[in-house]
Amino acid sequence: MAPAEELVQPSTLPPEGEADRVATLRSMVAPHVQSFSWAATTGLQLLPSEMESLTIDNPHTGESLTLRYEYLRLARPLTAAADRDGSSSPALPAACRRAGISYRGALNAGVIATSSTGVEQRFTYKLGDVPIMLGSSSCNLHGLTPTDLLAVGEEEYELGGYFICNGLEKLVRMVIVPRRHHALAVRRPPNAARGVGFTDASISMRCGRPDMSTATLHMHALTSGAVMVRMLVRRAEYFIPLALLMRSLLPSGTTDADLYGRLVGGDGGEDGDLCAAALACVKDGADCRLSLPPPSDADVAAGHTVPATARSSVLRYLGARFRVVLNVPIGMSDEDAGRVLLRRHVLIHLSASAGEAAAIGEEAAAAGADSSDGGIDAGAPDLTSPAFSVDQAKVDTLVLLARKLVAVVRGRVETDNPDALTHQELLLPGHLYLVYLKERLGLLLEGTRKLVMRDLRLERTREMTNATWLTTSYLTSALRRGLGGSLSARMSYWLATGNLQTESGLDLQQVSGYSVVAERINYLRFLAHFRSVHRGQFFTTMKTTAVRKLLPEAWGFMCPVHTPDGSPCGLLNHITSAAVVTQAPAASPAAAAALLVDTLGAIPPPATHPLHAPPRRVPCRSSSTAAFWPMCGGLTRAAPSGGCGRLRWWGLRGRRSRATPKSCTCPRRRQRRRRRVWRPPRRQRGRVAAAEARRVSSLASMCTPRPRG
Numbered sequence: 022m023a024p025a026e027e028l029v030q031p032s033t034l035p036p037e038g039e040a041d042r043v044a045t046l047r048s049m050v051a052p053h054v055q056s057f058s059w060a061a062t063t064g065l066q067l068l069p070s071e072m073e074s075l076t077i078d079n080p081h082t083g084e085s086l087t088l089r090y091e092y093l094r095l096a097r098p099l100t101a102a103a104d105r106d107g108s109s110s111p112a113l114p115a116a117c118r119r120a121g122i123s124y125r126g127a128l129n130a131g132v133i134a135t136s137s138t139g140v141e142q143r144f145t146y147k148l149g150d151v152p153i154m155l156g157s158s159s160c161n162l163h164g165l166t167p168t169d170l171l172a173v174g175e176e177e178y179e180l181g182g183y184f185i186c187n188g189l190e191k192l193v194r195m196v197i198v199p200r201r202h203h204a205l206a207v208r209r210p211p212n213a214a215r216g217v218g219f220t221d222a223s224i225s226m227r228c229g230r231p232d233m234s235t236a237t238l239h240m241h242a243l244t245s246g247a248v249m250v251r252m253l254v255r256r257a258e259y260f261i262p263l264a265l266l267m268r269s270l271l272p273s274g275t276t277d278a279d280l281y282g283r284l285v286g287g288d289g290g291e292d293g294d295l296c297a298a299a300l301a302c303v304k305d306g307a308d309c310r311l312s313l314p315p316p317s318d319a320d321v322a323a324g325h326t327v328p329a330t331a332r333s334s335v336l337r338y339l340g341a342r343f344r345v346v347l348n349v350p351i352g353m354s355d356e357d358a359g360r361v362l363l364r365r366h367v368l369i370h371l372s373a374s375a376g377e378a379a380a381i382g383e384e385a386a387a388a389g390a391d392s393s394d395g396g397i398d399a400g401a402p403d404l405t406s407p408a409f410s411v412d413q414a415k416v417d418t419l420v421l422l423a424r425k426l427v428a429v430v431r432g433r434v435e436t437d438n439p440d441a442l443t444h445q446e447l448l449l450p451g452h453l454y455l456v457y458l459k460e461r462l463g464l465l466l467e468g469t470r471k472l473v474m475r476d477l478r479l480e481r482t483r484e485m486t487n488a489t490w491l492t493t494s495y496l497t498s499a500l501r502r503g504l505g506g507s508l509s510a511r512m513s514y515w516l517a518t519g520n521l522q523t524e525s526g527l528d529l530q531q532v533s534g535y536s537v538v539a540e541r542i543n544y545l546r547f548l549a550h551f552r553s554v555h556r557g558q559f560f561t562t563m564k565t566t567a568v569r570k571l572l573p574e575a576w577g578f579m580c581p582v583h584t585p586d587g588s589p590c591g592l593l594n595h596i597t598s599a600a601v602v603t604q605a606p607a608a609s610p611a612a613a614a615a616l617l618v619d620t621l622g623a624i625p626p627p628a629t630h631p632l633h634a635p636p637r638r639v640p641c642r643s644s645s646t647a648a649f650w651p652m653c654g655g656l657t658r659a660a661p662s663g664g665c666g667r668l669r670w671w672g673l674r675g676r677r678s679r680a681t682p683k684s685c686t687c688p689r690r691r692q693r694r695r696r697r698v699w700r701p702p703r704r705q706r707g708r709v710a711a712a713e714a715r716r717v718s719s720l721a722s723m724c725t726p727r728p729r730g
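In our numbering, the protein residues as written are 22 to 730.
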């Protein structure tokens, strides 16, 4: 075989401008490469604290064992055959293409096993070989110059951004998903068919964690005026009255009048529709009072003897009904199971991580504090404190969603367009890779638990397991059997077929069609794969054409002509060369954002703004344990236009905000909406107006009939 440097011939392009040429080409695949590099570094560092620990209970001895990941590290690909000195050499993509194998790297993990007595044991395992994206920080081609790429058998301008699966170049598509942390109100006929009393109006918010995992919370309007909350747990839908959910977040002693006041707000007494909806929500939550269990001893000692006003009773009520589907340990109480439900599935962007919740829960247990989100006190918020209550932030968001839903039902606010670019974002390949990997890692621990429980249950292994199940030798064997599962096969199957084998659904509308073959018909066709975005396989079966339309606000972000003919027309689009896809959220402190909004004259959030209280300017605070910024406050009806204009001006000038800000305005029903594709700068408006006048006058002269001579 010829040497590697002779496999690919160098280009005949002039050496001048080589750096700019390479930078321009790599910017075309930057969304793919940067997202995977973030997932392989920062994302893997976040997973141990974001993943839930797993508890194994021994029914015979009463002891328990807790398993959790300590760290996750992704190594660069190495050759399977060792060298003469016993070391492995770096694997190269060109060799994987010729051999028809996959380009993969080892994923190593550290596991901590903690017994009920507090004894910790640490283990290190190789979980398997997972695919590596070419050009990423985990690839052996990362940082090589064009000359170095030729030396290892690659093209001079090899960009990466794809995977090698069984010798084929596989690309993971960028898919359009609903925008995170944004209230999306729609009217759909299927909503009315969900049950008796449901209307077609609903509002949803897709919430995300720092590791890019998401969970969507829905609210439905009922014909009685009440609001019902819908959530998905393991692909199953569950409905909870809004008042009952708010009571699980508010401190003990919250009365019906308090719920009514929080829903109505300071100036809501003048809105009859909002008052009627708030009263209906309070009455709807009263139907569950007869089923509430008695309060806890702490609530009884504090004087909260009525189950309807005791927070512990509501948490026990929710925990008893969700503990099976949540798969919580047998020894966990119903009250703690209710807290787990709130943390995992209710506005998760405002929840503490699993690691933080465990630490806060231990502190709260020692102090005897009332808590919900892992032990955070949900009493009256202290506006002078730098940390804002997580539960209060969730109540603020629930109230905001309920108010917007009532406004949509009454026709005061227009419904949002899910097909508009304002309400959309891109699911990047690296982010989907990390979310799917997180679920598979959790299933590996679950497989270990099932193996241990089987040994404890079988008669032939029960006696030996009871005596040795906490020893290092048995745990080493159990972890080797459980963690040595099908992680490599599952990840490779996803890239080979594009199908996700998921149990939770990952909060996605589709589980197939994610990967395609990167065709090299010509170079521009190959580059087009990395700029393509798909609306989703779910929309390919829709008979309506509304989802395929290119709206004016997509100007400058989506190419208006680069879409294929036939069935994918309008669904498979391409982003422009000037469009930049942001990766992870900005690391700016929340206090800066709160100060920015406070300069616009923000009023307090609903949870801190009681009924009939005059609006007043307060320092906006945010939670120190929240994943993203909670709601800092609101603006009055006379201020939104000016406030939004100042935010956009600051974003354009790069002042007081990050370089890629996002701001969108939801107009009221009577407000005139202007859909202008392009607006010239102020200094050019006079020139454009003069040119338009000359064009109109010339057209008028051409259309004027000439007199007959």
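Just so it is clear, CB atoms sit at the ideal spot from N, CA and C, and this is done for glycine as well.
Q: Indicate whether Pro152 and Tyr183 have their beta-carbon atoms separated by less than 8 Å.
A: Taking the sequence shown and counting its residues from 1, one reaches residue 152 at position 131. Taking the sequence shown and counting its residues from 1, one reaches residue 183 at position 162. Contact: no.
Q.
Whole angstroms are fine: how far does the CA of Ser158 sit from the CA of His203?
A. The sequence position of residue 203 within the sequence shown is 182, counting from 1. The sequence position of residue 158 within the sequence shown is 137, counting from 1. His203 and Ser158: Cα-Cα distance of roughly 32 Å.
Q: Return the CA-CA distance between Leu171 and Tyr178, expressed in angstroms with no decimal places.
A: By one-based count along the sequence shown, residue 171 stands at place 150. By one-based count along the sequence shown, residue 178 stands at place 157. Going by the C-alpha atoms only, they are around 9 Å apart.
**Q.** Inter-residue spacing [alpha-carbon to alpha-carbon] between Arg696 and Pro573
**A.** By one-based count along the sequence shown, residue 696 stands at place 675. By one-based count along the sequence shown, residue 573 stands at place 552. Note on Arg696: pLDDT 33, under 50, position unreliable in the model; the coordinate value appears next. About 7 Å.
Q.
Quick check on Pro731: buried or exposed, where buried means 16 or more other Cβ atoms within 10 Å of its Cβ?
A. Nothing can be reported for residue 731: it is not among the residues displayed for the chain, which extend from 22 to 730.
Q: Please state if the CB of Pro262 and the CB of Gly306 are separated by a distance shorter than 8 Å.
A: On the sequence shown, residue 306 is found 285 positions in, with the first residue counted as 1. On the sequence shown, residue 262 is found 241 positions in, with the first residue counted as 1. Yes. Within cutoff.
Q: Put Val217 into one of helix, strand or coil per three-state DSSP.
A: In the sequence shown, the residue the question calls residue 217 occupies position 196. In this structure, Val217 counts as coil in the three-state DSSP scheme.
**Q.** Residue environment, Leu336, which counts as buried when at least 16 other CB atoms sit within 10 Å
**A.** The sequence position of residue 336 within the sequence shown is 315, counting from 1. It is buried - the Cβ of Leu336 has at least 16 other Cβ atoms within 10 Å.
Q: Return helix, strand or coil for Arg256, following the three-state DSSP convention.
A: The count along the sequence shown starts at 1 and reaches residue 256 at position 235. Arg256: coil per DSSP, three-state reduction.
Q. Anyone know if the C-beta pair for Asn736 and Val554 falls short of 8 Å?
A. Since the first and last residues shown for the chain are 22 and 730, residue 736 lies out of range.
Q: Can you have a look at Met72 and say buried or exposed, based on whether 16 or more other CB atoms are within 10 angstroms of its CB?
A: Indexing the sequence shown from 1 puts residue 72 at position 51. Buried: at least 16 other Cβ atoms inside 10 Å.
Q: Give me whichever residues DSSP pairs with Asn438 in a beta bridge.
A: Mapped onto the sequence shown, residue 438 falls at position 417. None; Asn438 has no bridge partner.
Q.
Can you give me the C-alpha to C-alpha distance between Phe144 and Val132, rounded to a whole angstrom?
A. The residue given as residue 144 occupies position 123 in the sequence shown. The residue given as residue 132 occupies position 111 in the sequence shown. Near 5 Å, if we compare the C-alpha coordinates of Val132 and Phe144.
Q. Is Val193 buried or exposed, if buried means 16 or more other CB atoms sit within 10 Å of its CB?
A. Translated into the one-based positions of the sequence shown, residue 193 becomes position 172. By the 10 Å Cβ count, Val193 comes out buried.
Q. Per DSSP, which one or two residues make a beta bridge with Thr145?
A. Here the question's residue 145 lines up with position 124 in the sequence shown. Answer by DSSP bridge pairing, in chain order: Gly131.
Q: Over the uninterrupted beta strand (DSSP E) stretch that includes Phe184, give me the two end residues.
A: Against the sequence shown, residue 184 aligns to sequence position 163. Where Phe184 is concerned, the enclosing beta strand (DSSP E) stretches over 184-186.
Q | Exposed unless 16 or more other CB atoms sit within 10 angstroms - verdict on Thr138 | A | Taking the sequence shown and counting its residues from 1, the one referred to as residue 138 is at position 117. With fewer than 16 other Cβ atoms within 10 Å, it is exposed.
Q) Mapping DSSP to helix, strand and coil, what is Asp476? A) By 1-based counting over the sequence shown, the position of residue 476 is 455. Reduced to three states, the DSSP call for Asp476 is helix.
(Q) Does the region 413-432 come into contact with the region 524-540, if we say contact requires no fewer than three beta-carbon pairs (one atom in each stretch) closer than 8 Å? (A) no
**Q.** Proximity of Leu205 and His583 at Cβ, strictly below 8 Å
**A.** The residue labelled residue 205 in the question sits at position 184 within the sequence shown. The residue labelled residue 583 in the question sits at position 562 within the sequence shown. No, these two residues do not count as a Cβ contact at 8 Å.
Q: Taking the CB atoms as reference points, tell me whether Cys186 and Leu516 lie closer together than 8 Å.
A: Stepping through the sequence shown from its first residue, residue 186 is reached at position 165. Stepping through the sequence shown from its first residue, residue 516 is reached at position 495. In contact: Cys186 and Leu516 (Cβ atoms closer than 8 Å).
Q.
Distance check for Thr76 and Ser597, CA to CA, integer angstroms please.
A. As a first step, residue 597 is located in the sequence shown; it is residue number 576 there, counting from the start. As a first step, residue 76 is located in the sequence shown; it is residue number 55 there, counting from the start. Note that residue 597 is Thr in the sequence shown here, rather than Ser. C-alpha separation (whole angstroms): 49 Å.
Q: Assuming Met49 and Arg546 form a contact by the criterion Cβ under 8 Å, report the distance between their Cβ atoms to the nearest whole angstrom.
A: As a first step, residue 49 is located in the sequence shown; it is residue number 28 there, counting from the start. As a first step, residue 546 is located in the sequence shown; it is residue number 525 there, counting from the start. That pair is no contact at about 13 Å.
Q: Specify the secondary structure class of Asn161 as computed by DSSP and reduced to three states.
A: Counting from one through the sequence shown, the residue named residue 161 turns up at place 140. It is coil, neither helix nor strand.
Q | Residue ranges of each alpha helix (DSSP H) within the region 450-530, 4 or longer | A | 450-478, 480-489, 493-504, 508-518
Q: Evaluate contact between the region 250-266 and the region 292-304, counting only Cβ atoms and requiring at least three cross-stretch pairs below 8 Å.
A: yes
(Q) Suppose contacts are defined by Cβ-Cβ distances below 8 Å. Is Ser74 in contact with Arg255 by that definition? (A) Along the sequence shown, one-based indexing puts residue 74 at 53. Along the sequence shown, one-based indexing puts residue 255 at 234. No, Cβ-Cβ distance for Ser74 and Arg255 is not below 8 Å.
(Q) Count Cβ pairs between the region 488-506 and the region 462-469 that sit closer than 8 Å; are there 3 or more? (A) yes
Q: Using the Cα positions of Leu270 and His550, report the straight-line distance between them to the nearest angstrom.
A: Translated into the one-based positions of the sequence shown, residue 270 becomes position 249. Translated into the one-based positions of the sequence shown, residue 550 becomes position 529. Approximately 46 Å, taken between the alpha carbons.
Q) Does the Cβ-Cβ distance between Leu284 and Val420 come in under 8 Å? A) To locate residue 284, count along the sequence shown from 1; it is residue 263. To locate residue 420, count along the sequence shown from 1; it is residue 399. The answer is yes: Cβ separation under 8 Å.
Q. Going by other Cβ atoms of all chains shown within 10 Å of its Cβ, with 16 needed for buried, is Phe57 buried or exposed?
A. Here residue 57 refers to the residue found at position 36 of the sequence shown. Looking at its Cβ environment, which holds 16 or more other Cβ atoms inside 10 Å, Phe57 is buried.
**Q.** For Asn543, the three-state DSSP class (helix, strand or coil)
**A.** The residue given as residue 543 occupies position 522 in the sequence shown. Note: Asn543 maps to coil in three-state DSSP.
Q | Backbone secondary structure at Ala206 - three-state DSSP | A | As a working mapping, residue 206 is identified with position 185 in the sequence shown. Of the three classes helix, strand and coil, the one that applies to Ala206 here is strand, per DSSP.
(Q) For Met154 and Gly181, I'd like the C-alpha separation in whole angstroms. (A) Taking the first residue of the sequence shown as position 1, residue 154 is located at position 133. Taking the first residue of the sequence shown as position 1, residue 181 is located at position 160. Those two C-alpha atoms are separated by around 7 Å.
Q. Do the region 344-359 and the region 372-379 meet, that is, are 3 or more Cβ pairs less than 8 Å apart?
A. no
Q) For Arg119, does the count of other Cβ atoms within 10 angstroms reach 16, so buried, or fall short, so exposed? A) Taking the sequence shown and counting its residues from 1, one reaches residue 119 at position 98. Answer is exposed; the Cβ neighbour count stays below 16.
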